[in-house]
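Q:
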Amino acid sequence: MKTSRSWHSLKGSVYHDNDHCETVLLMQARNFKTGTGGKPLCRNCASLTAAGFAKVIDDPDCIPIRQSV
Ligand SMILES: [Zn+2]
């Protein structure tokens, strides 16, 4: 069973849980936080998951953004 993972941006109003969500590409590393932050789920993530895209990559070393630091 895959472990569900979620993340959010400090500046965002929603959290994400789907690696295919393109919002991740726009998120700056310094604003990245794991967990839901008590925010509602991103609608894009919800629709991606509903459309059958894999929710998360089941790899503990793989995070949704590429940190350059
Ligand atoms: Zn999202």
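Residues 6 to 74, numbered by this note's numbering, are exactly what the sequence shown covers, in order.
Even for Gly, the Cβ is constructed at its ideal location relative to N, Cα and C.
If residue 11 sits next to residue 57, beta carbons under 8 Å apart, how far is it from one beta carbon to the other, in whole angstroms?
A: Rounded, the Cβ-Cβ distance is 19 Å, inconsistent with contact.
Q: For the putative contact between residue 24 and residue 59, defined by C-beta atoms under 8 Å, what is the C-beta separation to the nearest angstrom?
A: Yes, they are in contact, since the Cβ atoms of residue 24 and residue 59 sit about 7 Å apart, within 8 Å.
Q: Answer yes or no: the CB of residue 54 versus the heavy atoms of ligand 1, is any distance below 7 Å?
A: no
Q: Residue range of the alpha helix (DSSP H) that residue 41 falls in?
A: Element bounds for residue 41: n/a, residue is neither H nor E.
Q: How would you label residue 31, buried or exposed, when you count the other beta carbons within 10 angstroms and need 16 or more for buried?
A: exposed
Q: Pull every residue with its beta-carbon under 5 Å away from any heavy atom of ligand 1, and keep them in chain order.
A: 21, 26, 28, 47, 49, 50
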